[in-house]
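One structure below.
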Amino acid sequence: MEAAKLTGIERELVLQYLIDGNVPVTVTPIEDDEAESSGDGTEVKPATSALFPIAIKAEQLKVLEQGIILLTNPPQNVKNFIDKKVRVEFYFNRLGLYFETKIKQIKAGLALVIPSSISRIQESPVAAKPTEISAQLYFSVNQKTDVHIDCVPAEGYQLFTKPVWKDIAEEVQVKAKEYLEEFIVNARQKGVAGSGVQLIPVVRYLSEKVLKMESVQNRRSPLEILFINHERIVFGQKAGNADLQDGMEYALEMSFPLPRPLSERKIFGTCRVESNYYDEKRELVCVVCRYTSLQEEDIRFLYEKGTGEKFI
Numbered sequence: 006m007e008a009a010k011l012t013g014i015e016r017e018l019v020l021q022y023l024i025d026g027n028v029p030v031t032v033t034p035i036e037d038d039e040a041e042s043s044g045d046g047t048e049v050k051p052a053t054s055a056l057f058p059i060a061i062k063a064e065q066l067k068v069l070e071q072g073i074i075l076l077t078n079p080p081q082n083v084k085n086f087i088d089k090k091v092r093v094e095f096y097f098n099r100l101g102l103y104f105e106t107k108i109k110q111i112k113a114g115l116a117l118v119i120p121s122s123i124s125r126i127q128e129s130p131v132a133a134k135p136t137e138i139s140a141q142l143y144f145s146v147n148q149k150t151d152v153h154i155d156c157v158p159a160e161g162y163q164l165f166t167k168p169v170w171k172d173i174a175e176e177v178q179v180k181a182k183e184y185l186e187e188f189i190v191n192a193r194q195k196g197v198a199g200s201g202v203q204l205i206p207v208v209r210y211l212s213e214k215v216l217k218m219e220s221v222q223n224r225r226s227p228l229e230i231l232f233i234n235h236e237r238i239v240f241g242q243k244a245g246n247a248d249l250q251d252g253m254e255y256a257l258e259m260s261f262p263l264p265r266p267l268s269e270r271k272i273f274g275t276c277r278v279e280s281n282y283y284d285e286k287r288e289l290v291c292v293v294c295r296y297t298s299l300q301e302e303d304i305r306f307l308y309e310k311g312t313g314e315k316f317i
């Protein structure tokens with residue numbers, strides 16, 4: 006889908022907004038420009054971490070009337086993108102906007118020229134209906150109110166396979182190990198460590214997940230399901246999206262598509278939040294929930310689906 010570009014008048018309003026407000030922006034290198042040539046002439050893509058967005062705070066930039074953004078003491082890794090094409094994203098009255106430009110080295114430091122074309126961030130395509138599981142988490146257990154949030158499988162996670170360390174991208178394993186050591190101590194202190202297998206998708210999510218600018222700021226999005234077995238379900242999300250409180254109990258409905266002529270299997274129960282785990286910037290949070298009520302036949306179903314073994 007072609008990006009919706011701002012009109013000339015809209016661009017002028019946005020430029021004045023940037024000049025007056027010095028809003029924070031994120032800068033992401035554009036992957037095609039980052040590809041390097043190997044010795045045999047083939048292109049080598051950069052590591053995933055090299056393409057992470059870099060946040061630049063409002064106090065680290067100044068927008069001039071000429072449409073130039075000067076960067077003052079920006080994060081050190083921004084210098085890696087000098088003379089390279091980048092995508093600059095920001096919010097204008099909660100509306101996500103972006104433009105593409107190059108980072109230039111000038112006498113005053115680093116600078117970005119705002120081009121004539123500024124575009125709206127497009128809506129993410131609607132994901133296909135989950136084929137493995139979908140769920141809804143209800144925010145009221147004791148009252149008959151339909152306050153819920155959708156839960157969908159996180160992309161790239163094998164929900165019913167025992168998580169292993171090699172699932173985590175190699176370039177973030179050092180950070181993941183730091184998180185894991187901290188979270189194991191926390192879980193043992195609270196007496197909720199169990200086998201600890203539920204913490205592997207937690208540290209993977211907090212180490213790998215890249216927050217992207219949305220078309221509309223602060224829109225509530227579904228919880229991402231990272232792991233599920235017959236004892237627990239683990240969610241990941243942006244902090245502040247739909248925070249689940251430690252120790253609180255929530256109603257949970259899970260749906261599993263079944264082969265025809267059957268349609269789906271539904272499981273109803275409740276779960277309690279064992280722990281919330283945050284990344285170092287407190288931008289992301291993973292929530293580990295333990296079931297507090299589940300029918301025995303549903304426990305058997307989840308056990309056998311996750312292990313491939315008969316439940317005894």
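Converting from the sequence shown to our numbering requires adding 5 to each position, the first position being numbered 1.
Backbone N, C-alpha and C define an ideal beta-carbon position, used for all residues, glycine too.
This one's a predicted model, so the numbers in the text were calculated from it and none came from an experiment.
Which same chain residues end up closer than 6 Å to residue 218 when comparing Cβ atoms and leaving out the 5 residues on each side of it in sequence?
94, 101, 126
Sort 84, 23, 91 by Cα distance to residue 69 and report the nearest one.
Cα-wise, what sits closest to residue 69 is 23.
Answer with buried or exposed for residue 265, where buried requires no fewer than 16 other C-beta atoms within 10 angstroms of its C-beta.
exposed
Please report how far the alpha carbon of residue 198 lies from the alpha carbon of residue 103, in whole angstroms.
43 Å
Report, in whole angstroms, the separation of the C-beta atoms of residue 144 and residue 233, which I expect to be a contact under 8 Å.
That pair is no contact at about 20 Å.
Endpoints, the beta strand (DSSP E) within which residue 155 is located
153 to 158
Consult DSSP for residue 140 and reduce its assignment to one of helix, strand or coil.
strand
If distances are taken between C-alpha atoms only, which option among 278, 299, 260, 161 comes closest to residue 214?
Of the residues 278, 299, 260, 161, the one whose Cα lies closest to the Cα of residue 214 is 161.
Given residue 113, which residues of its chain have a CB within under 7 Å of its CB, disregarding the five upstream and five downstream residues?
Within the same chain, residue 113 has close Cβ partners 75.
Neighbourhood of residue 284 by C-beta distance below 6 Å, restricted to the same chain and skipping five residues each side:
For residue 284, where only same-chain residues beyond five positions count, the Cβ hits under 6 Å are 211.
Could you give the C-beta distance for residue 226 and residue 139, rounded to a whole number, given that I count them as a contact under 8 Å?
Contact flag wrong, Cβ pair sits at about 15 Å.
Checking the sheet assignment: what are the DSSP bridge partners for residue 275?
256, 298
N-terminal and C-terminal residue of the beta strand (DSSP E) that residue 188 is part of
Run containing residue 188: none in the beta strand (DSSP E); it sits in the alpha helix (DSSP H), 178 to 195.
Where does residue 232 sit, in a helix, a strand or coil, going by DSSP?
strand
Between the beta-carbon of residue 325 and the beta-carbon of residue 205, is there less than 8 Å?
Residue 325 lies beyond the residue range present for the chain, which begins at 6 and ends at 317; the question has no answer from this structure.
Straight-line gap, residue 28 to residue 96 (C-alpha atoms, nearest Å):
Approximately 8 Å, taken between the alpha carbons.
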